[in-house]
Amino acid sequence: MLVETELATEFNVSRTPIRQALQRLDYEGLVETRNGVGTTVTGVDFQEFKDVYAFRLKLSEMIGDFSRPERTTKSLEEIEALVPRVEALLESRDFEQFWQINHELHFAVNALIGNSAMRESHDRLYFQASRVWYSFVDRMWEDEVRFLKEEVDELWRALRAGDLRAVGFVQRNYISYGLSRVARYISTG
Numbered sequence: 055m056l057v058e059t060e061l062a063t064e065f066n067v068s069r070t071p072i073r074q075a076l077q078r079l080d081y082e083g084l085v086e087t088r089n090g091v092g093t094t095v096t097g098v099d100f101q102e103f104k105d106v107y108a109f110r111l112k113l114s115e116m117i118g119d120f121s122r123p124e125r126t127t128k129s130l131e132e133i134e135a136l137v138p139r140v141e142a143l144l145e146s147r148d149f150e151q152f153w154q155i156n157h158e159l160h161f162a163v164n165a166l167i168g169n170s171a172m173r174e175s176h177d178r179l180y181f182q183a184s185r186v187w188y189s190f191v192d193r194m195w196e197d198e199v200r201f202l203k204e205e206v207d208e209l210w211r212a213l214r215a216g217d218l219r220a221v222g223f224v225q226r227n228y229i230s231y232g233l234s235r236v237a238r239y240i241s242t243g
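Using my numbering, read the sequence shown as starting at 55 and increasing by one per residue.
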């Protein structure tokens, strides 16, 4: 149960920004607010998760069509800086660093999208899909770190070549791989 007053105290803010944040989370389907009951975090509907992934696959294919070539150098530098950090994950199980790298990778790719509506959708869907991963990564650590390293390496190569269409296809491929891994994990328990 999420309680406005407790959250406001924890974050040292008034209830108004907490209420606004909870309304946004409710809109995104991440929480459910019921009068007289309160606000609870929603569960994950696997069909909805698959729908989000299917849309993310198609959206990623369009990154090259709506790209900002002038942002290539900056995104390349940001992704290049992730390489040693991902390699360090092969040696130590650091979940916080894993998620930080994933988010920074997402932000670097998202910044390449020139169309604001597409960029906003890409960002929102990433975070909707990410919530599922929080419950799986610890059980699939080695595979997930290896896939993250491969994705970072391939995105780095695509940006180095200045091929923004390839950036979208790399992302599409890794989204597809991820969906397959989650489906396999769910089916085998």
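Backbone N, C-alpha and C fix where the C-beta goes; we use that ideal spot for every residue, glycine too.
The shortest C-alpha to C-alpha distance from residue 145 to any of 195, 231, 123 is the one to 195. Counting C-beta pairs closer than 8 Å gives fewer than three between the region 149-158 and the region 213-225, which falls short of the contact rule. If only complete runs of 4 or more residues are kept, the region 62-150 shows the alpha helix (DSSP H) at 69-81, 100-115, 126-143, in order along the chain.
In this structure, the CA atom of residue 133 is about 7 Å from the CA atom of residue 162. For a cut-off of 8 Å, the C-beta gap from residue 226 to residue 121 is around 14 Å, too long to register as a contact. In the same chain as residue 205, and ignoring 5 residues on each side of it, the C-beta atoms closer than 6 Å to its own belong to 228, in chain order.
Between residue 201 and residue 222, the CB-CB gap reaches or exceeds 9 Å. Per DSSP, reduced to three states, the secondary structure at residue 179 is helical. In its chain, beyond the 5 residues on either side, 98, 103 have a beta carbon closer than 6 Å to the beta carbon of residue 186.
In the structure shown, the three-state DSSP call for residue 56 is strand. As computed with DSSP, residue 229 is found in no beta bridge at all. Between residue 58 and residue 69, the CB-CB gap stays under 9 Å. Using a Cβ distance threshold of 9 Å, residue 61 and residue 92 do not count as a contacting pair. Pairing residue 137 with residue 207 gives a Cβ-Cβ distance under 9 Å.
Counting only residues of its own chain and dropping the five nearest sequence neighbours on each side, residue 143 has a CB closer than 7 Å to the CB of 151, 152, 199. A distance below 9 Å separates the beta carbons of residue 180 and residue 164. As the crow flies, the alpha-carbon of residue 95 is around 6 Å from that of residue 86. Within its own chain, the residues whose Cβ lies closer than 7 Å to the Cβ of residue 139, once the five positions on either side in sequence are excluded, are 151, 155, listed in chain order.
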